[in-house]
């Protein structure tokens, strides 16, 4: 995924994370999702069109296009879902499928040994898609704010900061261990937030059920 595209992925993750947290109205996020989604899908199509089947870099280029398209279709679906007032369940199932593809891309980046840093980013994005799947498909209101927190954190740790480092030329020399530790820390925060929001909801439900109205 190109560094410029990755930079704007960070911006959209921030906005969508705020939507999950209820800080931004879903309809207000439609324009940025449409713009980013359309741009990423167009970039994917241009990459695929430029691939020579016999080129030694054809596989790398095609997998790069897959990365563009994976996020591009996500953002377009988010925008259209908000625009048309959909339930979000179709988007949730798409995110479940996208988590599998992101896992494959992570394994590819880890296995060839050439880009372990990107392997960590794709592993983190696999978790992000899983969190979206849980928030949109699995019952439990606590999944939604937890996904929002993860999206915001990943907007900076997997997109904005790495993109700026790529532009500045320092990303390739960054230790994969450091990248991995950062991503594991973010994943741990997500897990903790799930338990926090779940316990808070259960406490509020218990207090509500235990309250007795006093007739006047």
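Numbering (the numbering used here), first residue to last: 397 to 612. C-beta atoms are modelled at their ideal positions from N, C-alpha and C, and glycine is treated no differently. Computed from a predicted structure; not experimentally measured.
#1: Just checking, does the region 487-501 make contact with the region 455-472 on the three C-beta pairs under 8 Å criterion?
#2: Going by C-alpha to C-alpha distance, which of 477, 439, 444 sits closest to residue 383?
#3: Going by the beta-carbon positions, is the gap between residue 532 and residue 484 smaller than 8 Å?
#4: Do residue 547 and residue 403 have their beta-carbon atoms positioned less than 8 Å apart in this structure?
#5: Please state the DSSP three-state secondary structure of residue 427.
#6: Round the Cβ separation of residue 447 and residue 435 to the nearest angstrom and send it over; I've been treating them as touching at under 8 Å.
#7: Around the Cβ of residue 453, are there at least 16 other Cβ atoms within 10 angstroms (buried) or fewer (exposed)?
#8: Check whether the region 515-531 touches the region 573-590, taking contact to mean three or more Cβ pairs, one atom from each stretch, closer than 8 Å.
#9: Rounded to a whole number of angstroms, what is the C-alpha to C-alpha distance between residue 481 and residue 591?
#10: Buried or exposed: residue 549, going by 16 or more other Cβ atoms within 10 Å of its Cβ?
#11: Work out the CA separation of residue 443 and residue 470 for me, nearest whole Å.
#12: Identify which residue in 488, 539, 595, 558 has its Cα closest to the Cα of residue 417.
#13: Under DSSP, the alpha helix (DSSP H) around residue 454 begins and ends at which residues?
#14: Find out if the Cβ-Cβ distance for the pair residue 425, residue 405 is shorter than 8 Å.
Working from what's here:
#1: yes
#2: Since the first and last residues shown for the chain are 397 and 612, residue 383 lies out of range.
#3: yes
#4: no
#5: helix
#6: That pair is no contact at about 19 Å.
#7: exposed
#8: yes
#9: 30 Å
#10: buried
#11: 18 Å
#12: 539
#13: 454-480
#14: no
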